[in-house]
Amino acid sequence: MPFLSLKFNLQKRVKLAQGLWMLYWLAVIVGIILFSLGIFFKIELRKRSEIMDNNESHLVPNLLILVGMLSCGLNAFGGKLCHDSLDPQKFSKMKPMLRPYMLLCCGFNALLLLLVLLSFLMQFAVYLTLAEGLKNAIRFYKDTDTPGRCFMKRTLDMTQIEFRCCGNNNFRDWFEVQWISNRYLDMSNDVVKDRVLSNVEGKYLMDSVPFSCCNPGSPRPCIQHHLTNNSAHYDYDHRTEELNIWNRGCRQAVFSYYSGIMNSIGALLIFTIAGDVAGLKYLSTALETMADPENPECESEGWLLEKGFKETLADLLSKVKTFGRANQVEEGGASPDADAT
Amino acid sequence: MAVGKITFTKTEREKLAEVLWLLNWISVVTGAILFGLGLFLKIEIQKWQEVMSEQGILYVPHMLITTGLAACGINYLGSKICLDCADTNKFLRWKLVMIPYIVCTFFFTACVLVGALMCYSIRSQLEEALYLGLRNTMRFYKDTDTPGRCYLKKTLDLLQIQFQCCGNTDYRDWFQIQWISSRYLDMTNSAVVDRVRSNVEGKYLMDSVPFSCCSTLSSRPCIQHNLSNPGAHAHYDERSQQLNLWRRGCQQALLDHYTGIMQSIGLTVLLIWLFELLVLTGVRYLQTAMENVIRLGDPESESEGWILENSLAETACYNFSIIKSLGKCYQVDDDPNINVPTAAADQEVPSAQVQVNVTS
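Residue numbers (UniProt numbering), protein chains in the order written: chain A, 1 to 341; chain B, 1 to 360.
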C-alpha cells in the first residue's frame, strides 16, 4: 500500500501541475529571501568584525548566498517543467531531463540540510570568537593613537550603547584593564603616581567604567567612577543599585543577537526543505505512473513513498545490509528492484 | 469660446476611457501612498512628541491621511465611471453624478496641493515648538520621581545619543539648569551647601553635562565635569575640546531631521497632485465629450470636449450670478404663490359689513 497516495485524473493532474507551478514560484521567492538573508548576515558580521578580532567565519553567509542563487535557478526550471508537463508533446521532450533534475534537486536538498546543521553548530564558533575579540577590544580601548586600533574605542562605545551592555562578562572587566591612555594622565599628580606605582605591571587601574556603560533609564545621573565605594556618592549602595549602568555583558548580548539570526536562518531552511521535498515527490510520482501514457484522460496515482512507511524502512535496512555484502560472492542474490527513494 | 476644445472620434473616446480607467487605478495606489506617508509622518512626530511643546503640528499628517483615504475612494469611483463611459448607454447611468463628481475631485485636488504646501511652511512653527519643548524637558530632566515627568530623563538621554546633539542650542544650556536632583545631593557637605547658597534661586548649578552628551568619536575618555576650566584636565587642548562632546544643539538636530522628512514628503505629494490634476483634466474631457455625443444623438459621430464651455470670464460671471440669485430667493418679485391683486379682484363679492358696537 503506497504511503499517502492520491488518485489523479486529468483535471486533478492539471490542478496539481498548476498548484506546483505556483509552489515553485513561491520557492523562487524563498530563494531570493535566502539570498538577501545571506547578504544581511554577511553585512552584520562585517559591521562588528572589529570586536571579533576580524577573525569571524563567513562560511554560513557565503553558503547561504550560494544556496539562494541555486534555489532561484533550480526552482525556476522546476516551474517551467510544471508548466510544460500539462502539454503531452512538451512533456515527452522534457521527460529525459526529469531524472537528472530530480537527482540535482536531491543533491540541493542535501546541501540545504548541511547548511541547517552548520547554522546551528557555527553558533559555538561565533561565541568563542566573540569572547576572545571582546577581551582584546577592552584591552585596546585606550590605543586610539595606534594604527589598526584607532577606532576600537569608537566601535566598543557604540556596541555598548547599541546592545545595552557593559564589558565582556560584566562591568567588572573594566576594572582589570587600563582604559585611560597615559597621554591623558597627569603624571605630576601624586594620586596618579601612587596608583600607577601600586600596581605590579604599572597600569593605572580604577573601579570606573566608560560613559557608554551608563543606563539612560536610571533615575539618577550616571555614576561612572568609584563604583565599589559607597561612601564616594550620596545615598549609593553598589550592591543594590541595578539601574545605574548596564548589568549585561556584551558577549551575552551580541551573541544572542547573532544566535537569533542563525536560528531564523535554520528554521527558514527547514521549511524550504520540507516544501521542496513534498511538492517534488507528489508531482514526479503522479506524472511517472500514468497507466496509459497515450491517453491523457486516464487516472494515475501519486504518492510520497511507494510502499508503506514500515515497509520502506525495512527495504532501506535490507539495502544497507546488502551494500555491505556487495563484495561477497552470492548465488542468485539480486538486490531488490523496488525503487524506494 | 470654449477653453481647451478638442474633437474626439468614437475610437478616441473609447481609448480615453480605457486610459483614464488605468490612470484612476494608479491614482488609488498613489492615494494609498499618500495615506502611508501621512501615517509615517505621524509616527515620526509622536516618537519625539515629549520634547515638542505643542501638538499643533499634527494637523499636517492628519491632513495627509484624510486626503489619502479620500483619494482612494474618489479614484475608485472614478475608475468605475470611466470604465462605463466608453459606452453611451452606460454613461447615461452616471450622467447626473458626473458634474458633482468633477467638482468634488477639483476641491480634493486643491486639498492635496494645500497638504503639499503645508509640509514646506511648517518649519517656523516646528522651530518654536522644539525650542520651548526642549527647554522644558531639560528643566524637568531631574524630576524622575514626579508623575508625568519620570521618563523625560530617559527620553532626553536617548535623544542626545541618537541624534548626536547636546542641549538646546549648545552644551552650555546645561550649565544654566539644575539637572541633578536634590535627592542625590549631600546637603551636609559644605561645598554643596556653598554652591546652592551662592545661587540666587537656590539651584545647584555646575559646569557639567550629562553622560549622553559624550561623543563616541572622541579619542580620549569623556570629560563631563569642569568644562569651563580646561586647565583642570591633563593635556586638554583645543582639538580634544572639539571632539569631546557633541557640538550640535538638539533643536537644530531635530529641526534638520524633520525638515528633511517633510521636504521629501512634500515633493512626493506635489508629484501626486500633478498626477491627480492630469486625471481630473482627462475625466472632464471625457464627460463633456460624452455629453455632446448624447446631445448630437448619434453615438458613432465625432464630438467635442472642453474644459470650460465658455471663456473663463463668462463662466466666472455666470457662476457669480447663480450665487447672487441664491441670495435673492426669499424676495417677492417672481414668486407665483403670492396673491397679486389683478382685474379679477373687482368681481369679488364684497363681504358683509358688520357693525361692531364699540362699548366703552
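All C-beta atoms, glycine included, are put in the ideal place defined by N, C-alpha and C.
Bear in mind that the values here come from a model prediction, so they are computed numbers and not experimental data.
### Message
Rounded to the nearest angstrom, what separates W94 (chain B) and C111 (chain B) at their Cα positions?
### Response
Going from the Cα of W94 (chain B) to the Cα of C111 (chain B) covers about 25 Å.
### Query
Mind checking P221 (chain B): buried by the 16 CB within 10 Å criterion, or exposed?
It is buried - the Cβ of P221 (chain B) has at least 16 other Cβ atoms within 10 Å.
#### Entry: DSSP-derived helix/strand/coil call for S303 (chain B)
The answer is strand: DSSP assigns S303 (chain B) an E or B state.
### Query
Is V191 (chain A) helix, strand or coil when you go by DSSP?
In the structure shown, the three-state DSSP call for V191 (chain A) is helix.
#### Entry: Under 7 Å from the C-beta of W94 (chain B): neighbouring residues of chain A
Contacts between W94 (chain B) and chain A, judged by CB atoms closer than 7 Å, are missing: the closest CB pair is about 38 Å apart.
### Task
Assign L185 (chain B) to one of three DSSP states: helix, strand, or coil.
DSSP places L185 (chain B) in coil when its eight states are reduced to three.
### Task
Give the DSSP-derived three-state secondary structure of P336 (chain A) in the structure shown.
Only weak support is given to the placement of P336 (chain A): the predicted model assigns it a pLDDT of 41, under 50, and the question is left unresolved by the model.
### Message
At the level of alpha carbons, what is the spacing between A110 (chain A) and K93 (chain A)?
### Response
Rounded to the nearest angstrom, the two C-alpha atoms are 28 Å apart.
### Message
So C214 (chain A) contacts chain B; which residues on that side make the cut at Cβ distance below 7 Å?
### Response
Close partners of C214 (chain A) in chain B (Cβ separation under 7 Å): F211.
### Query
Can you list, in chain order, the stretches of the alpha helix (DSSP H) that have 4 or more residues and sit fully within the stretch 181–265 of chain A?
Runs found: 190–198.
### Query
Which residues mark the beginning and the end of the beta strand (DSSP E) in which T7 (chain B) is found?
In the DSSP assignment, T7 (chain B) falls within the beta strand (DSSP E) that extends over I6 to F8.
#### Entry: DSSP beta-bridge partners of C214 (chain B)
The partner list for C214 (chain B) (beta bridge, DSSP) reads B:L245.
### Query
For G265 (chain A), which option in A:I33, A:Y24, A:I161 and A:Q11 has the closest C-alpha, if you only look at C-alpha atoms?
For the record, residue 265 (chain A) in the displayed sequence is Ile; it is not Gly. Out of A:I33, A:Y24, A:I161 and A:Q11, A:I33 has the C-alpha closest to the C-alpha of I265 (chain A).
### Query
What separation, rounded to the nearest whole angstrom, lies between the Cα atoms of K281 (chain A) and A274 (chain A)?
The alpha-carbon atoms of K281 (chain A) and A274 (chain A) are separated by roughly 11 Å.
### Touch test, the stretch 234–243 of chain B against the stretch 142–160 of chain B, Cβ-Cβ under 8 Å, three pairs minimum
Contact between the stretch 234–243 of chain B and the stretch 142–160 of chain B is absent: fewer than three C-beta pairs spanning the two stretches fall below 8 Å.
### Message
Less than 8 Å between the beta carbons of L185 (chain A) and D207 (chain A), yes or no?
### Response
Not a contact, by the Cβ cut-off of 8 Å.
### Query
Quick one: what's L308 (chain B) bridged to in DSSP?
In DSSP, L308 (chain B) forms a bridge with B:V3.
### Task
State the DSSP-derived secondary structure class of P100 (chain A), mapped to helix, strand or coil.
P100 (chain A): helix per DSSP, three-state reduction.
### Task
Quick one: which residues of the stretch 216–243 of chain B get their C-beta closer than 7 Å to a C-beta of chain A? List them in chain order.
The residues in question are T216, L217, S219, R220, P221, C222, A234 and H235.
### Query
G78 (chain A) lies in the alpha helix (DSSP H); which residues open and close that run?
Per DSSP, G78 (chain A) belongs to the alpha helix (DSSP H) from L59 to S85.
### Query
Buried or exposed: which applies to S235 (chain A), given that a residue is buried once 16 or more other Cβ atoms fall within 10 Å of its Cβ?
According to the sequence provided, residue 235 (chain A) is Asp. The question's Ser does not apply to it. Residue environment analysis places D235 (chain A) among the exposed positions, since fewer than 16 neighbouring C-beta atoms fall within 10 angstroms of its C-beta.
### Query
What is the DSSP secondary structure of residue 363 (chain B), reduced to helix, strand or coil?
The question about residue 363 (chain B) has no answer here: the residues shown for chain B are numbered 1 through 360.
### Query
If you drop the 5 nearest sequence neighbours on each side, which residues of the same chain put their C-beta closer than 7 Å to that of G258 (chain B)?
Reading off the sequence shown, one finds Tyr at residue 258 (chain B), where the question assumed Gly. Within the same chain, Cβ atoms closer than 7 Å to the Cβ of Y258 (chain B) are found at L126, the five residues on either side in sequence being excluded.
### Message
Does the structure place the stretch 240–249 of chain B close enough to the stretch 179–199 of chain B that three or more beta carbon pairs sit under 8 Å?
### Response
The stretch 179–199 of chain B is not in contact with the stretch 240–249 of chain B.
### Query
Ordered along the chain, which non-local residues of its own chain (more than five positions away) have a Cβ less than 6 Å from that of V25 (chain A)?
Inspection of the sequence shows that residue 25 (chain A) is occupied by Trp rather than by Val. Correct list, in chain order: G79.
### Query
Looking at chain D, which residues of the stretch 167–183 of chain B have a Cβ within less than 9 Å of any of its Cβ atoms?
In the structure shown, chain D cannot be found, because the protein chains are A and B.
### Segment contact flag, the stretch 216–225 of chain A with the stretch 133–146 of chain A, C-beta cutoff 8 Å, min 3 pairs
No, they do not touch.
### Query
Comparing the C-beta of K90 (chain B) with each C-beta of chain A, is any distance below 8 Å?
Chain A contact via Cβ: absent.
### Query
Is P61 (chain B) helix, strand or coil by DSSP?
Judged by DSSP in its simplified three-state form, P61 (chain B) adopts helix.
### Query
What did DSSP end up calling H257 (chain B) once you bin it into helix, strand or coil?
DSSP places H257 (chain B) in helix when its eight states are reduced to three.
### Task
State yes or no: is the C-beta of F175 (chain B) within less than 8 Å of the C-beta of D207 (chain B)?
It is a contact, given that the beta carbons lie within the stated cut-off.
### Message
Could you tell me the alpha carbon to alpha carbon distance between L10 (chain A) and K80 (chain B), rounded to whole angstroms?
### Response
Whole-angstrom Cα-Cα distance: 39 Å.
### Task
Closer than 7 Å by C-beta to G38 (chain A): which residues in its own chain qualify, once you throw out the five before and the five after it? Chain order, please.
Apart from the 5 residues on each side of it in sequence, G38 (chain A) sits with its Cβ closer than 7 Å to the Cβ of P61, L64, I65 and G68 in its chain, given in chain order.
### Query
What first and last residue would you give for the alpha helix (DSSP H) that runs through V103 (chain B)?
Counting along the chain, the alpha helix (DSSP H) containing V103 (chain B) begins and ends at T88 to S121.
### Message
If the criterion is Cβ atoms closer than 8 Å, does the pair V60 (chain B) and L41 (chain B) meet it?
### Response
Result yes, Cβ atoms of V60 (chain B) and L41 (chain B) sit closer than 8 Å.
### Message
Using only the alpha-carbon positions, how far apart do E201 (chain B) and T240 (chain A) sit?
### Response
The alpha-carbon of E201 (chain B) is positioned some 34 Å away from that of T240 (chain A).
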